[in-house]
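Working notes for the structure below.
Residue numbers (this note's numbering): 303 to 749.
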């Protein structure tokens, strides 16, 4: 492993940083694309899982590899802590990545190349960086004889990018014993720095996540010839419903996580975030504005339209699929409101539904995160927030495990980490990986 990316530190920490960088690069080079379609998914996730298992075994850490379907493997390892009576902490990262086809990359997506201090590749941010960092930290603990304060359950998971059905979801349903005694979980999406004020940075910690739901709208009518328009044309009625959804704005709901974020930023920036100024105040947050703005409301987005097959035939049926993101405690309210928006001209069929997660915004774990950030970036602030997307924490919540999103990364003030998810030329500063390794080591040692 090369030390050219690592500043002069004591040998153990230098090795930790080197390994975090190099293991991340090794994982990026394993093409573990998850298309979401079984017939087009290869064995990349299993190859990545075998790589992780081998690196753990090299330092004497036992693990279990579980492969519920060919090519869809996860790896679980437990590191005993000094206080076994404390609830264990699940630390998880997914090994699959989204496709790269149709995107214009200027560097090979699976090359893990470093250019001008930036590491490029699919998974550099989402989220082989954290998988490599967790793996490097576990190896560091084993080499240095470090025993964490409580048990750590390390989970390297398949299938997160397609809902976690064959990864965390399968494990929770079929092997809950692997997470026995766990009370909290730590993973994506959060921990990256964003400007706060006067050169200080904030590090958002996701204490809550929106739920994910899918629904299908269907309009039905009598098929006929296109030359004879009908009053019950299902295409027209569906179009009205889709347009109504596109124009509708659900009401603002200030959850505990949103209020905690706004309170911290308000105190630092002198903003009120009152109901009348809320939109304008959030717009002033720069990189944080889109992230926080999306956490204020339920959303329903039409994504797929299907109707007819021949231009001169009025079809008997037309349908639209919706991607729905729902705030904590809003499941019933969203269903009722969406029903009212689309009216009685279309049917709604509810599909897969994962409810939102909500963890304590004042949990002691957040104090551990703050202490670790203080050690590496004094004067910065860890702030709770609500992730408008969803992670594997939704599955662990079914076991009563409170999930938090925090992958520590100090980045240049103008760099949008969240904007790197699923994009071309996904990249991360190499120096940020070194920061992540040092900070994660502190967190997992003291959590």
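Glycine residues also receive a C-beta, built at the ideal position from the N, C-alpha and C atoms. Quick caveat: nothing in here was measured; it's all calculated off a predicted structure.
C-alpha distance - residue i paired with residue j, whole-angstrom precision
i	j	result
residue 336	residue 680	39 Å
residue 517	residue 695	22 Å
residue 417	residue 330	15 Å
residue 713	residue 731	7 Å
residue 327	residue 723	17 Å
residue 667	residue 562	15 Å
residue 365	residue 350	14 Å
residue 506	residue 488	13 Å
residue 531	residue 464	41 Å
residue 483	residue 698	12 Å
residue 746	residue 341	38 Å
residue 710	residue 677	12 Å
residue 577	residue 333	47 Å
residue 492	residue 371	30 Å
residue 468	residue 375	8 Å
residue 672	residue 558	19 Å
residue 314	residue 743	12 Å
residue 600	residue 535	30 Å
residue 656	residue 633	10 Å
residue 396	residue 354	12 Å
residue 317	residue 406	35 Å
residue 555	residue 630	9 Å
residue 511	residue 567	20 Å
Residue i in three-state terms, based on DSSP
i	result
residue 475	helix
residue 745	helix
residue 396	strand
residue 357	helix
residue 363	coil
residue 649	strand
residue 728	coil
residue 543	helix
residue 528	coil
residue 566	helix
residue 573	coil
residue 753	Because the chain here runs from 303 to 749, residue 753 falls outside it and cannot be looked at.
residue 487	strand
residue 734	helix
residue 304	Only weak support is given to the placement of residue 304: the predicted model assigns it a pLDDT of 41, under 50, and the value that follows is read from those uncertain coordinates. Correct three-state label for residue 304: coil.
residue 522	strand
residue 463	helix
Identity of the residue in the options nearest residue i by Cα
i	options	result
residue 588	497, 501, 563 and 621	497
residue 736	414, 365, 532 and 434	434
residue 524	452, 620 and 739	620
residue 428	400, 443 and 405	400
residue 269	677, 508 and 549	Residue 269 falls outside the range modelled here, since the chain spans only 303 to 749, and no answer is possible.
residue 640	512, 546, 383 and 405	546
residue 425	740, 748 and 720	720
residue 367	406, 453 and 378	378
residue 543	420, 622 and 634	622
residue 436	717, 625 and 391	391
residue 564	490, 686, 664 and 456	686
residue 360	566, 650 and 442	442
residue 606	664, 627 and 520	520
residue 596	450, 553 and 612	553
residue 614	684, 344, 594 and 528	528
residue 658	408, 645 and 691	691
residue 693	448, 460, 363 and 369	460
residue 404	741, 727 and 749	727
residue 448	363, 479 and 480	363
residue 654	626, 665, 477 and 664	626
residue 515	471, 628, 431 and 608	628
residue 522	538, 480, 512 and 398	538
residue 645	669, 541, 343 and 500	541
residue 647	533, 495 and 472	533
residue 472	566, 579, 369 and 490	369
residue 386	398, 688 and 453	453
Check: residue i C-beta below 8 Å from any heavy atom of the ligand FMN
i	result
residue 731	Questions concerning the ligand FMN fall outside what the structure shown contains, since it holds no ligand whatsoever.
Whole-Å CB distance - residue i paired with residue j, under 8 Å assumed
i	j	result
residue 438	residue 325	5 Å
residue 610	residue 604	In fact, because the Cβ distance is near 17 Å, the residues do not count as touching under 8 Å.
residue 394	residue 444	Not really, about 19 Å apart at Cβ, beyond 8 Å.
residue 451	residue 380	Between residue 380 and residue 451 the Cβ distance is about 15 Å, and since that is not below 8 Å, they are no contact.
residue 674	residue 509	So it is not a contact: roughly 16 Å between Cβ atoms.
residue 423	residue 411	6 Å
residue 574	residue 583	7 Å
residue 320	residue 389	Wrong, their Cβ atoms sit about 32 Å apart, outside the cutoff.
residue 352	residue 729	Actually they do not touch by this definition, with Cβ atoms about 26 Å apart.
residue 602	residue 624	5 Å
residue 700	residue 474	6 Å
Notebook entry, point to check: What residue ranges within the stretch 411 to 454 form continuous alpha helix (DSSP H) runs of no fewer than 4 residues, ordered along the chain?
Noted result: 430 to 446
Next item on the list: Any chance you could list the alpha helix (DSSP H) runs of at least 4 consecutive residues sitting entirely within the stretch 663 to 691, in chain order?
Entry: 666 to 678
Item checked: Contained alpha helix (DSSP H) runs [length at least 4] in the stretch 312 to 348, N- to C-terminal order -> 313 to 330
Check: Along the chain, which unbroken stretches of the beta strand (DSSP E) at least 3 residues long are found entirely within the stretch 588 to 661?
Finding: 601 to 609, 619 to 628 and 649 to 656
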